[in-house]
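**Student:** In the numbering used here, the protein residues as written are 7 to 90.
Using N, Cα and C, we set each Cβ at its ideal position, and we do this for glycine too.
None of these values were measured; they are calculated from a predicted model.
Have a look at the structure that comes next, please.
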């Protein structure tokens, strides 16, 4: 599961930015602090509230399906981004 943390954070951040949503809006939707969202997006720490709850908040706020966000993260593990 540790290998999924950074790709999931990256996927969630990209979805949030594409939807023009702030970390604060995601945090309010999930009932957590913005700091929890920041650490997740930066791939620093799994949230204590559980990733499903936060992925659900991202999905709701961004108009996406939670399962799609998980799929994107898993795909990112299988094919990491090219290094620059």
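Would residue 15 be called buried (16 or more neighbouring beta carbons within 10 Å of its own) or exposed?
**Tutor:** Per the 10 Å Cβ criterion, buried.
**Student:** Is residue 27 helix, strand or coil by DSSP?
**Tutor:** DSSP places residue 27 in coil when its eight states are reduced to three.
**Student:** Quick check: the segment 64 to 73 against the segment 16 to 23, are there 3 or more CB pairs under 8 Å?
**Tutor:** Flag = yes, the segment 64 to 73 and the segment 16 to 23 touch.
**Student:** If you draw a straight line from the alpha carbon of residue 48 to that of residue 29, how long is it in whole angstroms?
**Tutor:** Cα to Cα, the separation comes out at about 12 Å.
**Student:** Is DSSP giving residue 51 helix, strand or coil here?
**Tutor:** Reduced to three states, the DSSP call for residue 51 is coil.
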